Structure formats: C-alpha cells, structure tokens
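Notes follow the structure.
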Amino acid sequence: MWAWFHKLSSPKYYYEWSGKWLPWLGGLTILLSAIGLYWGLVVAPTDYQQGESYRIIFIHVPAAWMSMFVYMVMASAGFVALVWKTKISEIVVSECAVIGAVFTAIALVTGMLWGKPTWGTYWTWDARLTSELILLFLYFGVIAIYSSIEDKRVAAKAASMLSIVGVINIPIIHYSVTWWNSLHQPNMEIISDKPSMDPSMLYPLLIMAIAFKVYFVWVLFMRIRNEIISRERATKWVKELVTAS
Amino acid sequence: MQEFFYMDGKWMYVWSSYAITLIALVLSIVFANSRKKKLLKEIEDSLED
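In order, the protein sequence lines correspond to chains A and B.
Using our numbering, the letters of the first sequence correspond one by one to residues 335 to 579.
Using our numbering, the letters of the second sequence correspond one by one to residues 52 to 100.
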C-alpha cells in the first residue's frame, strides 16, 4: 500500500494512472447528476413550508459541503507537502484552491438566491454566511500566494501553510448555526434513526452530493495533469508524450 | 409542464441558481481542457524550434 502511494507521488506515474480514470469519472458525474436532478426537480414533492424554492437545496447543500470538504483535502495535501515535500501534494494544494473557490462561490450565490424568497433578503451578516465568505477569501488567499511567487516549490510551501492555518474556519462554519443565533436553518441530521429530511428529498440530495464529489475528483485530476505537464515540460517523458500525441 | 417551469412563482430564483451552477461547473472543465491544449501546443512549438 505504502509502496503504491510512493509510486503515485511520481509525476509521470500519476499522469498515466489518472488518465485512465478521466472518462469513467466524467461519465459517472453526468449519470449521477442526471438521476439526482430528475429526482430532485421532478419526483421530489413540494416542501410544505418553503414551496418550490426549496429545490435550490439540491445544488446549494452539496456545494456548501464540497466547499468544506475540498478545503480539508487541500489542507491535508498541504501537510503532506510540508512534511514529505512531494511534488504531487504541492500541486494538489494549488489546484484544490481553484476548485474549492468555485464550490464556495456557488454555495454563496445559490444561498443568496434561496435567501431572498425564504428570508426576504439576499444577504445578512449572519455567522454561517460570514464564515462561508471568509472561506472564499481563504481560497483566494491560497490562489494569490501560489500565483505571486515565481518559484513554485516556495509558493506551494507558503500556500500550504495558509491552508493549514485556515482549517480553524471549518468547525466555525459547521457549528455556527449552533453557537450563534442564525437566520440559517440548523445542520441537517442525516445519519440518524430519524433523519431531519424525508427520504423522498434526502435521497436525491445525497445523489447530488456524490455527483459533486465525483465531479471534484474529475476536475482535480484534469488540473493536476495540466500542472504536471507545465512543471515537467523539460523532461524527456513529457517531450515524448507531446511527440506521440 | 408550465407549472414545472413556473415553480410556484419562484422560477427566477430556482432556475438562475441551477443556471449559475451549471455554467460555473462546465466552464471549469472547458478551462482545464483549453489549458491542456495550450500547454501541449507550447511544448510542441518549443520542440520544433
């Protein structure tokens, strides 16, 4: 197992290995999204309190979950990059930041569009909304640091440090609705004998959450492969790859 | 069908959420693909030089 992980940290091996997964990940994303969207938009019943506007949940909640999940992946890769200094983990940090920022922006914008018909306002300086906005700024910070330093090994080190420091914001986002009075609804209880959502709404939500996760892996692989080519352009194997294609 | 698109009068909020998400997610893939093509072209040109 460890030998395989060690092998995976080689850019050439990673490039070849990840390439085999791309069509499967793309196909699975499309399939799961189609099922989740059909179930969520057509089959799931109307919410008795919020009416039809609740259907934003099928993209807002998975995007919000992903905004935190991607951050944890980025910080974990940052830790590996600082301790073991592997090139792949350094690349994972920079590429996760871009994807994570996209998910966070989606969570914020869809949340605003859900907030207007539900709360009567697009935005309020509520603990959940503000901590999620801080998360977006943390992603921007990691992107800015990585882009502004020319030596990419040094840039990755600085970006990794910021990503690890920013982990403190993740429990704040999660527990913000418990610790402070909030307009935002409480955290959903999914793993429970009595989930806080009816299965007719919960299942499409979970399918969309899996679809977003598979999409993340798909785009992450594509972006890592690009960065590998960019960094390794002077090597023999990349030149051979270009000549062969 | 009209009821489905009308979303009980909340169509603007619901459909703009889905449209923005779709555009953002598709653009991420398009950018990744176009960067790959650009990189391969750059390396190919440098090899010809």
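Yeah, the Cβ is synthetic: ideal placement off N, Cα and C, and Gly gets one too.
Just so you know, these numbers come straight off a predicted model, no measurement behind them.
*Using the beta-carbon of each residue, which ones in chain B are nearer than 7 Å to E386 (chain A)?*
M58, D59, K61, V65
*Just grab the DSSP bridge partners of D381 (chain A) for me.*
A:G385
*What does a CB cutoff of less than 7 Å around P379 (chain A) pick up in its chain, not counting 5 residues either side in sequence?*
S534
_Using a Cβ-Cβ cutoff of 7 Å, what residues of the segment 516 to 542 of chain A are near chain B? List them in chain order._
none
_Residues near I440 (chain A) by beta carbon distance below 6 Å, same chain, minus five either side_ = A397
_Would A561 (chain A) and S428 (chain A) be called neighbours here (beta carbons separated by less than 8 Å)?_
The identity of residue 561 (chain A) in the sequence shown is Glu, whereas the question assumes Ala. Yes, they are a contact pair.
*Below 8 Å on the Cβ atoms is my guess for V404 (chain A) versus F555 (chain A); work out the distance and round it to an integer in Å.*
With 8 Å as the limit, V404 (chain A) and F555 (chain A) do not qualify as a contact, their Cβ atoms being about 14 Å apart.
*E95 (chain B) versus chain A: which residues are under 9 Å apart at the beta carbon?*
V576, T577, S579
*Compute the Euclidean distance between the alpha carbons of T72 (chain B) and Y64 (chain B), then round it to the nearest angstrom.*
12 Å
*Within the 8 Å Cβ cut-off, does P451 (chain A) reach chain B?*
yes
*Under a three-way DSSP split, which group does S579 (chain A) fall into?*
coil
_So for W514 (chain A), helix, strand or coil by DSSP?_
coil
*Please confirm if S352 (chain A) has its CB atom under 8 Å from at least one CB of chain B.*
no
_Tell me the DSSP secondary structure of R521 (chain A) in three-state form._
The amino acid at residue 521 (chain A) is misidentified as Arg; the sequence shows Asn. It is coil, neither helix nor strand.
*How should F474 (chain A) be labelled, buried or exposed, when 16 other C-beta atoms within 10 angstroms of its C-beta is the threshold for buried?*
exposed
*Which class does S481 (chain A) belong to by DSSP, given the choice of helix, strand or coil?*
helix
*State the DSSP-derived secondary structure class of M335 (chain A), mapped to helix, strand or coil.*
coil
_Where A121 (chain B) meets chain A, residues with beta-carbon distance less than 8 Å_ = With chain B covering only 52 through 100, there is no way to say anything about residue 121 (chain B).
*W351 (chain A) to V572 (chain A) span [Cα, whole Å]*: 15 Å
*Sorted by chain position, which residues of the same chain lie with C-beta nearer than 7 Å to E523 (chain A)'s C-beta, five sequence neighbours on each side aside?*
P529, S530
*Counting pairs of beta carbons, one from the segment 382 to 398 of chain A and one from the segment 442 to 455 of chain A, are three or more of them closer than 8 Å?*
yes
_Using a Cβ-Cβ distance cut-off of 8 Å, determine whether R565 (chain A) contacts chain B._
no
*Any idea if V476 (chain A) is buried or exposed, counting beta-carbon neighbours within 10 angstroms, 16 or more meaning buried?*
buried
*Contact check, T438 (chain A) vs S401 (chain A) under 8 Å by CB: the rounded distance?*
4 Å
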